[in-house]
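Worksheet for the structure shown next.
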Amino acid sequence: MDSLASILPGVLRKRGMHGHAVAALVTLKATEWLRAALPALADQFKIERVSDGVLTIAAVHSVASQECLPLLPALKEFLNRECDGAKISGVRMVRAR
491 MDSLASILPG VLRKRGMHGH AVAALVTLKA TEWLRAALPA LADQFKIERV SDGVLTIAAV
551 HSVASQECLP LLPALKEFLN RECDGAKISG VRMVRAR
């Protein structure tokens, strides 16, 4: 008997929703990681999008951005390890609008 973990990706691909599900997982995991890594600044970040393997994070203040920039390679490694099928090639930090 197949497990749900082995069936679900195929069903999502068939319906064209696999990319959306992976992006949602990456968003959730990145938000959790940022809250754990920078608890005092966690409310200063917003995950904007995951597109073509690039995670874009918006920072409200430049100070929060400067604090987070050195941690981005560790975040990328974490996401590639935790999110099967994500293949995150980069993490960008932008200023929130």
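Per my numbering, the very first residue in the sequence shown carries number 491; after that it's consecutive. Quick reminder that beta carbons are idealized off the backbone N, C-alpha and C, glycines included.
Cβ-Cβ separation, residue j to residue i (assumed contact under 8 Å), whole Å
i      : j      : result
VAL584 : THR546 : 6 Å
ILE578 : VAL501 : Not a contact, Cβ separation roughly 23 Å.
ALA470 : LYS536 : No answer is possible for residue 470: the residues shown for the chain start at 491 and end at 587.
PRO528 : GLU557 : Reading the sequence as shown, one finds Leu at residue 528 and not Pro. That belief holds up - the Cβ atoms of LEU528 and GLU557 are roughly 6 Å apart, short of 8 Å.
Neighbourhood of residue i by C-beta distance below 6 Å, restricted to the same chain and skipping five residues each side
i      : result
VAL550 : GLN534 and ALA586
GLU472 : Coverage of the chain is limited to positions 491 through 587, which leaves residue 472 absent and any answer about it impossible.
Any non-hydrogen atom of the ligand FAD closer than 8 Å to residue i Cβ
i      : result
GLU538 : Ligands displayed in this structure: none; no statement on the ligand FAD is therefore possible.
Sequence-distant residues of the same chain with beta carbon closer than 7 Å to residue i, five excluded per side
i      : result
LEU565 : ALA520, TRP523 and VAL581
ALA554 : LEU531, GLN534 and PHE535
Simplified DSSP state of residue i, which is helix, strand or coil
i      : result
VAL584 : strand
LYS577 : coil
VAL553 : helix
LEU545 : strand
Assigned exposure category for residue i - 16 Cβ within 10 Å defines buried
i      : result
VAL544 : exposed
LEU518 : exposed
LEU498 : exposed
LEU559 : exposed
LEU569 : buried
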